[in-house]
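J.:
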Amino acid sequence: MSVLFHQFTSPDTPFDLAEFLYIVRRLYIWPIDKYKRQMLKRVQNIYRYKYFVETGTHTGNTPRALRNDFEHIYTIELDEAWFLRSQSRLKRYSNITCLHGDSQQILRSVIPRIDLPAIFWLDAHYSGEGTALGAVKAPILQEIELIGSSDVREHIVIVDDVSDFSAAEGYPPLSSILGALEAINPKYKFYFDYDERIR
Ligand SMILES: C[S@@+](CC[C@H](N)C(=O)[O-])C[C@H]1O[C@@H](n2cnc3c(N)ncnc32)[C@H](O)[C@@H]1O
Numbered sequence: 169m170s171v172l173f174h175q176f177t178s179p180d181t182p183f184d185l186a187e188f189l190y191i192v193r194r195l196y197i198w199p200i201d202k203y204k205r206q207m208l209k210r211v212q213n214i215y216r217y218k219y220f221v222e223t224g225t226h227t228g229n230t231p232r233a234l235r236n237d238f239e240h241i242y243t244i245e246l247d248e249a250w251f252l253r254s255q256s257r258l259k260r261y262s263n264i265t266c267l268h269g270d271s272q273q274i275l276r277s278v279i280p281r282i283d284l285p286a287i288f289w290l291d292a293h294y295s296g297e298g299t300a301l302g303a304v305k306a307p308i309l310q311e312i313e314l315i316g317s318s319d320v321r322e323h324i325v326i327v328d329d330v331s332d333f334s335a336a337e338g339y340p341p342l343s344s345i346l347g348a349l350e351a352i353n354p355k356y357k358f359y360f361d362y363d364e365r366i367r
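Okay, so the sequence shown: first residue is 169 according to our numbering, each after it adds one.
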């Protein structure tokens, strides 16, 4: 336990029990990564869409896990080292396309290729040392705006780490994200899942 303790606190940060328990739950009790991939599969089992688009490839674990669930997967990563690693890891899967660059730019060329409703998994954001920091910490609003340029109005948009979207964290507030989605299609309904942290 002491190892965990040191991992989540520093001499300048007072110990926060709620934060500590939250992180332990996400990492060890109810692993967040496994949960997210199961949730994406559950959504796809309902809708059976052809395309999956991920922003923020990181390790490539998500497209790898979903490779048999979609006809084609596009995944975008800004950090060159992560892009090269995931591209090499995923090259054996002919239905996964790894793209390198800022999602704000790359989505411009991906969106016109998506001629049918798709699931967008928006997960590009600065995630600490060793990950990319683009023009903005999280290009979520720009990504949603680009999704809005699609002729298709029925895309499913799933935003990861939604509890981080507050001005205090330096991200666009959640209200602006919901507003941007409603501007695409006023019929959108919003659901929240897993992350019930209350501050
Ligand atoms: C939380 S990780 C993504 C995790 C991954 N989607 C998954 O499901 O396991 C966020 C990734 O976004 C990348 N990133 C940050 N800004 C980006 C941007 N503007 N465009 C594309 N990728 C970006 C980071 O380098 C990092 O690898």
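Glycine is no exception: its CB is placed at the ideal position from the N, C-alpha and C atoms.
(1) Tell me the rounded alpha-carbon separation between Arg193 and His240.
(2) Should Ser271 go down as buried or exposed, given a rule of 16 or more other Cβ atoms within 10 Å for buried?
(3) If we count Cβ pairs, one from each stretch, closer than 8 Å, do we get three or more for the region 306-323 versus the region 284-292?
(4) Quick check: the Cα distance between Pro182 and Arg276, rounded to an integer number of angstroms?
(5) Return the chain-ordered list of same chain residues with a C-beta closer than 8 Å to the C-beta of Ala351, the five sequence neighbours on each side being excluded.
(6) In whole angstroms, give me the CA-to-CA distance for Tyr196 and Leu185.
(7) Between which two residues does the beta strand (DSSP E) carrying Ile252 extend?
(8) Can you tell me the Cα-Cα spacing of Arg210 and Gly347, whole angstroms?
(9) In the structure shown, what three-state DSSP assignment does Leu189 receive?
(10) Could you name each continuous beta strand (DSSP E) segment of 3 residues or more that falls completely within the region 269-314, going from the start of the chain to the end?
(11) Have a look at Met169 and Leu189 and give me their C-alpha separation to the nearest angstrom.
(12) Pick from Lys355, Ile200, Ala233, Thr225: whose alpha carbon is nearest that of Gln212?
(13) Only counting runs of 4 or more residues, tell me where the alpha helix (DSSP H) segments fall wholly within the region 202-245, in order along the chain.
(14) I believe Leu309 touches Ser344 by the beta-carbon criterion, under 8 Å. Please report the beta-carbon distance rounded to the nearest angstrom.
(15) I'd like to check one pair, Asn229 with Arg205: are the Cβ atoms closer than 9 Å?
(16) Apart from the five residues on each side of it in sequence, which residues of its chain come closer than 6 Å, Cβ to Cβ, to Val327?
(17) Got a sec? Which residues, its chain only, sit under 7 Å from Lys357 by beta carbon, not counting five neighbours each side?
(18) Mapping the DSSP letters down to three states, classify Lys355 as helix, strand or coil.
T.: Let me lay it out:
(1) Their Cα atoms are separated by approximately 33 Å.
(2) Its Cβ being crowded by 16 or more others within 10 Å, Ser271 is buried.
(3) Note that the region 306-323 touches the region 284-292; at least 3 beta-carbon pairs, one per stretch, sit closer than 8 Å.
(4) Between Pro182 and Arg276, the C-alpha separation is close to 44 Å.
(5) Result list for Ala351: Gly316, in chain order.
(6) Computed Cα separation, rounded: 16 Å.
(7) The amino acid occupying residue 252 in the given sequence is Leu; Ile does not appear at that position. For Leu252, no beta strand (DSSP E) run applies; the uninterrupted alpha helix (DSSP H) run containing it begins and ends at 248-258, by DSSP.
(8) Roughly 26 Å between the two C-alpha positions.
(9) When DSSP states are grouped into helix, strand and coil, Leu189 belongs to the helix group.
(10) Listed in chain order, the complete beta strand (DSSP E) runs (minimum 3 residues) inside the region 269-314 are 286-290.
(11) Residue placement at Met169 is poorly supported in this model, since its pLDDT is 40, which falls under 50; the coordinates still yield a value, given next. C-alpha separation (whole angstroms): 12 Å.
(12) If we check each option's Cα against that of Gln212, Ala233 comes out closest.
(13) Listed in chain order, they are 229-233.
(14) Cβ-Cβ separation between Leu309 and Ser344: approximately 6 Å, consistent with a contact (criterion under 8 Å).
(15) Taking 9 Å as the Cβ cut-off, Arg205 and Asn229 qualify as a contacting pair.
(16) Closer than 6 Å at the Cβ level, and outside the excluded window around Val327, lie Leu290.
(17) Within the same chain, Lys357 has no close Cβ partners at all.
(18) It is coil, neither helix nor strand.
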